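What follows is a single structure, written as structure tokens, with notes after it.
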Amino acid sequence: MQPHIPRLAPANPNLLQRVLGLAEIEFLIKEHEVLTGSAGRVFEIHGAERLTYRVHWHPSVIGVERLDADGAVVDIQHLRPGDFAAHSVVEALMAGQLYTAPVQITH
């Protein structure tokens with residue numbers, strides 16, 4: 002008999018959590034990667050438009066993928082951590098407009 006392994010289910014997209022700080026972005030990315038085994042984490046900017054990005058965190062470079070409405074990558078940037086601070090993801094964070102879906106584990 003195989004042991005029961007909890008499966009991860011996407012969170013309700015209507016229940017997004019606001020990201021509160023730059024250090025939290027790194028934590029949220031690593032949390033998602035550990036719990037799902039998938040690289041990066043998706044963040045939404047809630048401004049005049051809803052822009053979606055998948056961010057990959059590495060100590061020397063941060064990968065930022067701009068996603069379209071279907072989740073396809075339309076642009077990729079590789080930034081040094083110091084340059085990431087000027088990216089629109091961080092600008093949205095500072096304006097209180099950066100959100101992500103919580104990771105939920107189902108049994």
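Our numbering puts the sequence shown at residues 2 to 108.
C-beta atoms are modelled at their ideal positions from N, C-alpha and C, and glycine is treated no differently.
Just so it is clear, the structure is predicted and the values come from calculations on it, not from any experiment.
The C-beta separation of H33 from V104 comes to about 6 Å, placing the pair in contact by the 8 Å criterion. With a cutoff of 9 Å on beta-carbon distance, V65 and R81 are scored as not near each other.
Sorting V62, A24, W58, R67 by C-alpha distance to the C-alpha of I46 places R67 at the top. In the structure shown, E34 adopts helical secondary structure according to DSSP, grouped into three states. About 21 Å separates the CB atoms of H57 and A70; that is not less than 8 Å, and the two are not in contact. Around the beta-carbon of V35, fewer than 16 other beta-carbon atoms lie within 10 Å, marking it exposed.
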